[in-house]
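In the numbering used here, the protein residues as written are -9 to 214.
Note that CB positions come from ideal geometry on N, CA and C, so glycine has one too.
What you are looking at is a predicted structure, and each value in this text was computed from that prediction instead of being measured.
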């Protein structure tokens, strides 16, 4: 990982500016405004889905853009192929986030091949993992960052309601690349705990950029 980016992210917040299919916020202009608002609030970087939104965001903000491309909603769907990854680099992503779990990729490629292609194109790779072994393997295969993004979301891994700080700590102590804490971080206190556990930086999405989900939480809390 390049030192300037590590320095830019160290101890700081990355905001995930995404919206699920069917959500009223899922418009390129809206998501770009979300990213601009995150930058204005002090975010060190933003995490953005799909090449079109990545390109528009890169043109609108000065902070690094971590790009991903969700294709489908089962199996390996976060930047599942080299083709998806290179489209994100072409759109201007400084970092490409990709599923690095032990599951098969839809085109039969490997995570290592994706890393090699992205590096050759001039960008960095953030490995989204669900377990310690996956994180260690991703680092060995050349990932520049390892994120705990998929902990609790992959079949066969324990479901959790809180951030997986144990995974953050274990990875931070064992691998030579920076660890990014991501997943179910809902409060500033939890974000600070993730840094204490050894994370270089913290990604927060729903708690900042998901008004539909947040509204449902309040509605549920008021329902007898």
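Query	Result
Element boundaries [beta strand (DSSP E), containing residue 137]	135 to 137
Runs of beta strand (DSSP E) wholly within the region 73 to 126 (minimum 3 residues, chain order)	85 to 89 and 114 to 118
Euclidean distance between Cα positions of residue 128 and residue 9	27 Å
heavy atom of the ligand NAP below 7 Å from residue 165 C-beta	With respect to small molecules bound, the structure shown includes none, and the ligand NAP cannot be examined in it.
Contacts around residue 157, its chain only, beta-carbon distance under 8 Å, and the 5 residues preceding and following it disregarded	121, 122, 125, 138 and 141
Nearest to residue -2 (by Cα), restricted to the options 49, 45, 36 and 209	36
Where residue 165 falls: helix, strand or coil (DSSP)	coil
Residue 107 beta carbon less than 8 Å from that of residue 75	yes
Coarse secondary structure for residue 2, derived from DSSP in three states	strand
Simplified DSSP state of residue 37, which is helix, strand or coil	strand
Rounded distance between the beta-carbons of residue 68 and residue 89, thought under 8 Å	4 Å
Three-state class that DSSP yields for residue 66 in the structure shown	coil
Reduced DSSP secondary structure (H/G/I, E/B, other) of residue 53	coil
Under 8 Å between C-beta atoms of residue 47 and residue 85	no
Assigned secondary structure, residue 171 (DSSP; H/G/I helix, E/B strand, else coil)	strand
Residue-level contact to chain B via CB, residue 90, 8 Å cutoff	The question asks about chain B, but that chain is absent: this structure has only one protein chain.
Endpoints, alpha helix (DSSP H) assigned at residue 209	201 to 212
Exposure label - residue 194; buried when at least 16 CB within 10 Å	buried
N- and C-terminal bounds of the alpha helix (DSSP H) containing residue 22	18 to 30
Whole-number beta carbon distance between residue 196 and residue 203, since they are thought to touch under 8 Å	5 Å
Cβ shell of residue 114 (< 8 Å), same chain only, five flanking positions each side left out	-9, -8, -5, 84, 85, 86, 108, 134 and 135
Residues of its chain near residue 209, where Cβ-Cβ distance is below 7 Å and the 5 sequence neighbours each way are ignored	none
Span separating the alpha-carbon of residue 187 from that of residue 154	10 Å
Assumed close pair residue 192, residue 171 - CB separation to whole angstroms, cut-off 8 Å	5 Å
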